[in-house]
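Visitor: The numbering of the sequence shown is the working numbering, which starts it at 327 and goes up by one. Each residue gets a CB set at the ideal place from its N, CA and C atoms; glycine is no exception. Since this is a predicted model, take the numbers as computed values, not measurements. The following block contains the structure, expressed as structure tokens.
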Amino acid sequence: MRVLENLQPERVFYYFEEIAKIPHGSGNTKQISDYLVEFAKEHNLEHYQDEVNNVIMIKEATTGYEYSDSIIIQGHMDMVCEKESDYNIDFEKDGLELFVEDGFVKARGTTLGGDDGIAVAYALALLESSEYAHPRLEVVITIDEETGMDGAYAIDLSMLKGKKMLNIDSDEEGVFLTSCAGGTAVKALIPVKRNTEEGVVLNVKVDGLFGGHSGGEIHKERGNASILMGRVLNNIAKEVPFGIITLAGGLKDNAIPRECNASILVPEEGVERVEEIIATTSEVLKKEFFSSDAGVQVTSVNAGVQSADILDFVSLNKVLCYLRMVPNGVQNMSQAIPGLVETSLNLGIMELKEDVFMTETSIRSSVRSRKEDVRDRLINIIEVCGGEAEVMGDYPAWEYKAESKLRDEIAVAFKNVYGKDVKFDAIHAGLECGILSEKIEGLDCVSFGPQNFDIHTPQERLNIESTERVWKFLVEFLKQAK
């Protein structure tokens, strides 16, 4: 028996569960891409798979809709792979362990992949069915949206006829997005040197943070574990000489780090004071983040006297300087849309290697000049610390379209299903709509989806009833598109 067997809409959840069985983290999409191709072959659909694994599937219009405008349905096949520290999974090989609880679909110990597996599940349920009336459907499923939108940049859309696109990659039911921020990522590579010293090893951990999507959750001002670790280490440095052996936090540049770990070497006579500083800092952070991250804590474990390779004095100060100076979080609020974050950045990945200190930071802004300004500030800090910066994955903002026939049609279908007026809005997170709009002249698009909470965290959960309501809306929209 399938875990989601009794949920409605039955075929949507059938395909969602099938997708969850297949490893499909960003950069690991060959298997899920081939699954989609086999689906297309089984259902005799026109289909395309490119060299990077993007997939396009086309289903011709049902009777009576042959002259209606083609509709593009778009989502991405990759997911953010985050897990609880004590949960054992190999995301390269293992599927997800789904379960149902309190009206939600969840994954045990990991992210769920509702972002954006639900788009793929909706699309497959539509493509296999002969029950629903619809125009020509052009389903576009891209790779690696979560790590730079590489699939959207690479994909060839020349075979498409549609000028109206439904991007099913949003997570607030009833809110239809019409624009989004652009973004880029910056990798810092700061060279470091080491000395061999002897002392007491303390394994320090910052955890208990909530994390979340660095676009959708950044306005909630949740703590960034790597930034907070920099504060902890700086507090120690002010009173006790110490060395850093290891330092690591975060797994994805677009996920707010929930945990950071450091191993430090402390002189025996300074251990007690360092432990006091850690305990005091932990209490301070609990007070500061009592609302957004009530579970935050800083702990340490004494691993005894050891000999270890630690950062030398200059390298230690480079790392501490960087972590204390680097901007993080909300930088500007929109002057055009009240309550919308305009510009932000997130230090998502941090790792101290043998001879280099590496970080990856995601930058977002709906104003290109401010995105570039924050990027340049970050590069300046990296260079001041003696490092090199690599700019990666720049993508454009999706600009608001003043006149939209698609929005008018969405409003009618939404009113028919929900009995109330639709809400159109903008979002700070990045979507593929901007890139794809540059590939299809005159493209009219909206982004929507069912209620999916805490994406990019192991607490991610997909609302079952919301998934059904959005399915009914999608079917109604296609029906009225005659």
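Using only the alpha-carbon positions, how far apart do G575 and T510 sit?
Guide: A direct Cα-Cα distance of roughly 20 Å separates G575 from T510.
Visitor: Cutting at 6 Å between CB atoms, please list the residues of its own chain near V801, excluding the five before and the five after it.
Guide: Answer for V801: Y458, listed in chain order.
Visitor: Can you list, in chain order, the residues of its chain whose CB lies under 7 Å from that of I562, leaving out five sequence neighbours each side?
Guide: F568, V600 and I603
Visitor: Nearest-angstrom Cα distance between L380 and E598?
Guide: In the sequence as presented, Leu is not what sits at residue 380; that position holds Asn. Straight-line Cα distance between these residues: approximately 56 Å.
Visitor: Opposite Q400 in the DSSP bridges: which residues?
Guide: V466 and N493
Visitor: Taking all protein chains shown into account, do 16 or more other C-beta atoms lie within 10 angstroms of the C-beta of K490, making it buried, or fewer, making it exposed?
Guide: By the neighbour-count rule (16 or more Cβ atoms within 10 Å), K490 is buried.
Visitor: Could you tell me which uninterrupted beta strand (DSSP E) segments, each at least 3 residues in length, are contained entirely in the region 511-596, listed from first to last along the chain?
Guide: 520-533, 569-575 and 586-592
Visitor: Does F430 come out as helix, strand or coil in the three-state DSSP assignment?
Guide: strand
Visitor: Out of curiosity, what's the CA-to-CA distance linking I708 and F430?
Guide: 43 Å
Visitor: Go ahead and pull the three-state DSSP assignment for E372.
Guide: strand
Visitor: K432: buried (16+ other C-beta within 10 angstroms of its C-beta) or exposed?
Guide: buried
Visitor: So the alpha helix (DSSP H) G745 belongs to, where does it begin and stop?
Guide: G745 -> no alpha helix (DSSP H), and no H or E assigned at all.
Visitor: Quick check on T687: does DSSP put it in helix, strand or coil?
Guide: strand
Visitor: Where does the unbroken beta strand (DSSP E) through Y448 begin, and where does it stop?
Guide: That residue, Y448, is in no beta strand (DSSP E); its alpha helix (DSSP H) goes G440 to E454.
Visitor: Is the beta carbon of C506 less than 8 Å from the beta carbon of A723?
Guide: Cβ atoms of C506 and A723: closer than 8 Å.
Visitor: Output the boundary residues of the beta strand (DSSP E) element that contains V627.
Guide: Q623 to L637
Visitor: Is it buried or exposed for D470, if we count other Cβ within 10 angstroms and need 16 for buried?
Guide: Counting every other CB atom within 10 Å of its CB across the protein chains shown gives D470 a total of 16 or more, marking it as buried.
Visitor: Just how far apart, CA to CA, sit L646 and L591?
Guide: 15 Å
Visitor: Give the DSSP-derived three-state secondary structure of I753 in the structure shown.
Guide: It is a strand residue.
Visitor: Relative to the C-alpha of E794, which candidate in I781, Q785, K808 and G775 has its C-alpha closest?
Guide: When C-alpha distances from E794 are compared across I781, Q785, K808 and G775, the shortest belongs to G775.
Visitor: Grouping DSSP H, G and I as helix and E and B as strand, with all else coil, what is S617?
Guide: coil
Visitor: List the whole-angstrom C-beta distance separating V501 from D751, where the pair is believed to meet the contact cut-off of C-beta under 8 Å.
Guide: Rounded to whole angstroms, the Cβ separation of V501 and D751 is 5 Å, and the two are in contact under 8 Å.
Visitor: Would you say N672 and T687 are within 8 Å of each other, going by their C-beta atoms?
Guide: If you check the CB distance, N672 and T687 come in under 8 Å.
Visitor: V656 by DSSP, collapsed to three states: which one?
Guide: Of the three classes helix, strand and coil, the one that applies to V656 here is strand, per DSSP.
Visitor: Going by DSSP in three states, I736 sits in which element: helix, strand or coil?
Guide: DSSP places I736 in helix when its eight states are reduced to three.
Visitor: First and last residue of the alpha helix (DSSP H) that includes A728?
Guide: From DSSP, A728 is part of no alpha helix (DSSP H); its letter is neither H nor E.
Visitor: Can you check DSSP and say which residues form a bridge with V381?
Guide: As DSSP reads the structure, V381 sits in a beta bridge with Q375 and I467.
Visitor: In terms of alpha-carbon separation, which member of K746, T388, G421 and F683 lies closest to A715?
Guide: F683
Visitor: According to DSSP, what are the bridge partners of N789?
Guide: In DSSP, N789 forms a bridge with F430.
Visitor: Do G674 and K546 have their C-beta atoms within less than 8 Å of each other?
Guide: No, Cβ-Cβ distance for G674 and K546 is not below 8 Å.
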